[in-house]
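In my numbering, the protein residues as written are -12 to 189. Here the structure comes first, spelled out in structure tokens, and everything after it is commentary.
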């Protein structure tokens, strides 16, 4: 089974990404943590019982990892933006066996008592020009979303744009009416329902 897990906003500096997203959505983000294996840190926002939004950036105080950082964070330029999405699967090995080349190798990761396995591309960039989702499998029942306060935000719609949208949709094979694959210039955008109305995140 595959399901949308979380959305990823990348930024050059974490505080810059947090300020941008909090201003856009008008709700506070919660503390996340550090990812020692990738040299990154994040802040989080709950989007539902098993979904959340993550702002992630390079941790300037962490040692550089042995491979390129995930989500193309090495050499990240420009303002904060939504750049990636992550799909949760029950069988990560099976999902990788049928996924496009370059989705990555499996890494066993942890933060506090959270444990997960994730496919991390060795280049730092995902297939289909970054529009293919990262694949994750949580270990045990613990999930970040369930530990975050509910600020009343929910994903309304997620649009993935790519010239080969049909091929991308077939490769992802996700049954979620909120997720749309549209032929066009490469990009990703989300509409988030907030207590203050619908906000576009791109």
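In this text, a Cβ means the ideal position worked out from N, Cα and C, and glycines have one as well.
Pair within 7 Å by beta-carbon distance, residue 132 and residue 39 | Here residue 132 corresponds to residue number 145 of the chain shown, with the count starting at 1. Here residue 39 corresponds to residue number 52 of the chain shown, with the count starting at 1. Cβ distance < 7 Å, so residue 132 and residue 39 count as in contact.
Residue 145 to residue -3, Cα distance in whole Å?
-> Working through the chain shown from its first residue, we reach residue 145 at position 158. Working through the chain shown from its first residue, we reach residue -3 at position 10. Between residue 145 and residue -3, the C-alpha separation is close to 17 Å.
So, helix, strand or coil for residue 183, using DSSP?
-> Position 196 of the chain shown, counting from 1, holds the residue named residue 183. Three-state result, residue 183: coil.
With DSSP run on the structure shown, which of helix, strand or coil describes residue 12?
-> If you number the chain shown from 1, residue 12 lands on position 25. Reduced to three states, the DSSP call for residue 12 is helix.
Opposing strand residues paired with residue 174 [DSSP bridges] | Residue mapping note: residue 174 aligns to position 187 of the chain shown, counting from 1. DSSP lists 148 as the beta-bridge partner residues of residue 174.
Taking the alpha carbon of residue 58 as the point to measure from, which residue in 52, 43 and 10 has its own alpha carbon closest?
-> Numbered from 1 along the chain shown, position 71 holds the residue referred to as residue 58. Of the candidates 52, 43 and 10, the residue whose Cα lies closest to the Cα of residue 58 is 43.
Reference residue 168; option with closest CA among 53, 118 and 29 | Along the chain shown, one-based indexing puts residue 168 at 181. Comparing alpha-carbon positions, the option among 53, 118 and 29 lying closest to residue 168 turns out to be 118.
Backbone secondary structure at residue 159 - three-state DSSP | Start at 1 with the first residue of the chain shown, and residue 159 comes out as number 172. Note: residue 159 maps to helix in three-state DSSP.
Does the distance from the C-beta atom of residue -8 to that of residue 56 stay below 7 Å?
-> Here residue -8 refers to the residue found at position 5 when the chain shown is read from its first residue. Here residue 56 refers to the residue found at position 69 when the chain shown is read from its first residue. No, these two residues do not count as a Cβ contact at 7 Å.
Can we say the region 152 to 161 touches the region 124 to 143, given the rule of at least three CB pairs closer than 8 Å?
-> No: fewer than three Cβ pairs fall under 8 Å.
Is residue 137 helix, strand or coil when you go by DSSP?
-> Working through the chain shown from its first residue, we reach residue 137 at position 150. In the structure shown, residue 137 sits in coil (DSSP, three-state: anything other than H, G, I, E or B).
Sequence-distant residues of the same chain with beta carbon closer than 7 Å to residue 116, five excluded per side | Along the chain shown, one-based indexing puts residue 116 at 129. Take residue 116, set aside five residues on each side of it, and the residues of its chain with a beta-carbon closer than 7 Å to its own are 149 and 173, in chain order.
Alpha carbon to alpha carbon, what distance is there between residue -5 and residue 18?
-> Numbered from 1 along the chain shown, position 31 holds the residue referred to as residue 18. Numbered from 1 along the chain shown, position 8 holds the residue referred to as residue -5. Distance between the alpha carbons of residue 18 and residue -5: 15 Å.
Is residue 16 near residue 9, with beta carbons less than 7 Å apart?
-> By one-based count along the chain shown, residue 16 stands at place 29. By one-based count along the chain shown, residue 9 stands at place 22. At the C-beta level, residue 16 and residue 9 come within 7 Å of one another.
Tell me, which residues are paired with residue 168 by DSSP?
-> Looking up residue 168 in the chain shown gives position 181. 147.
Report the rounded CA-to-CA distance for residue 151 versus residue 105, giving the unit in angstroms.
-> Along the chain shown, one-based indexing puts residue 151 at 164. Along the chain shown, one-based indexing puts residue 105 at 118. Approximately 25 Å, taken between the alpha carbons.
Pick from 85, 101, 24 and 45: whose alpha carbon is nearest that of residue 54?
-> Start at 1 with the first residue of the chain shown, and residue 54 comes out as number 67. Out of 85, 101, 24 and 45, 24 has the C-alpha closest to the C-alpha of residue 54.
Residues bridged to residue -3 by DSSP?
-> Within the chain shown, numbered from 1, the residue matching residue -3 stands at position 10. Looking at the DSSP output, residue -3 shares a beta bridge with 43 and 68.
Extent of the continuous beta strand (DSSP E) to which residue 60 belongs | As a position in the chain shown, residue 60 is number 73, starting the count at 1. Counted as a single uninterrupted DSSP element, the stretch harbouring residue 60 is not any beta strand (DSSP E), since DSSP gives it neither H nor E.
From the DSSP output, which residues share a beta bridge with residue 104?
-> Looking up residue 104 in the chain shown gives position 117. Paired residue(s): 95 and 124.
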